[in-house]
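Right, one structure below, let's go through it.
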Amino acid sequence: MTEFSLDAVSAAPSPDLLTPDNAMMLFVDHQPQMFFGAASADRAGVINATVGLAKAARVFDVPVVLSTVAAESFSGPILPQLREVFPDHEVVDRTSMNAWEDTALVEAVKATGRRKIVLSGLWTEVCLVLPALSALSQGYEVYVVADASAGVTPAAHEHAMQRMAAAGAVPVTWLQVLLELQRDWARTETYVATTDVVKEHGGAYGLGVFYAQSMINPHAAG
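Position 54 of the sequence shown, counted from 1, bears residue number 54 in full-length UniProt numbering, the numbering being contiguous throughout.
Here it is as structure tokens:
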């Protein structure tokens, strides 16, 4: 039996972890018409998670690709709260349900130079699962943000998540992504911005951070 030695333990982060230098975020079809049909989760919660995720990208300067489907003819413009986070960012509009079949979108992802895709969108069973499987087949690592995505029914969302996970995608949540990018409260350059996002979008955890900072220790993080 091989003996385990603490001397072999490295303090270096695992290459499996998301970092500001190895990840990009792809937001797919967060649009009014798509939200109308999204019934697998509370829509306000999905919007909150989507905006929290977008602000995480902004805090850590993670490259972002925004995409819509049939924005002018059917689905409507991108979620205004998402557009507010990226007011000047180009939005790739498509006709294809599978975003990965749109050349402009794929080229935009490639241009980031990143191989880890943090993916979110509506609906999970169509506009999320199709590009996820396509990107995985081309060697990308895909992290699917479950709470910033939704399907037409809870079963549709869950089965799509299972299908993606079986193919190698990693299910995550928006707050998990934010904290994985921060990862150390001693990183003072993003500490305040990270805790601000938590306070704005982190629910009870955000209230806890607010309480800790205002009542116990102004530098407490949680």
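Just so it is clear, CB atoms sit at the ideal spot from N, CA and C, and this is done for glycine as well.
Contact check, residue i vs residue j, beta carbons under 8 Å
i    : j    : result
F18  : V118 : For the sequence presented, residue 18 should be read as Leu rather than Phe. Yes; because the gap between Cβ atoms is below 8 Å, this pair is in contact.
G121 : V28  : yes
L133 : A108 : no
V129 : A38  : no
P15  : V62  : no
V142 : V177 : no
P77  : Q31  : yes
M161 : P154 : no
V197 : V209 : no
M24  : T112 : yes
K116 : N22  : yes
Q33  : S75  : yes
V46  : A148 : yes
Residue i - partner residues in DSSP beta bridges
i    : result
P80  : For P80, which the question treats as bridged, DSSP gives no partner whatsoever.
T68  : D93
M34  : DSSP lists no partner for M34.
V23  : What sits at residue 23 in the sequence shown is Ala, not Val. BP columns for A23 point to K116.
Y143 : V118 and V170
V28  : S67 and G121
Selected residue, minimal CA-CA separation from residue i, among the options
i           : options                   : result
R114        : W123, C127 and A135       : A135
P80         : F35, T112, V144 and T194  : F35
S137        : P171, V172, S73 and M164  : M164
A12         : K116, G206 and R183       : R183
V92         : V85, E84, A71 and L82     : A71
V106        : H89, V65 and V85          : V65
K69         : W100, H201 and A57        : The question names Lys, but residue 69 is Val in the sequence shown. Measuring from the Cα of V69, the nearest candidate turns out to be W100.
residue 224 : R43, T188, N48 and L26    : Missing from the structure shown is residue 224; the chain here goes from 1 to 222 and no further.
Y191        : P131, L82 and Q213        : Q213
A41         : G139, T124, T188 and G203 : T124
S67         : H89, S73 and A57          : H89
V126        : H157, Y205, S73 and H201  : H157
L26         : A44, Q33, A57 and R43     : A57
(request) Specify whether the region 37-53 and the region 95-102 touch according to this definition: at least 3 beta carbon pairs, one from each stretch, less than 8 Å apart. (result) no
(message) Report the start-end ranges of each alpha helix (DSSP H) in the region 146-219 that is 4 residues or longer and not cut off at the edges.
(response) 154-167, 174-182, 188-201 and 203-211
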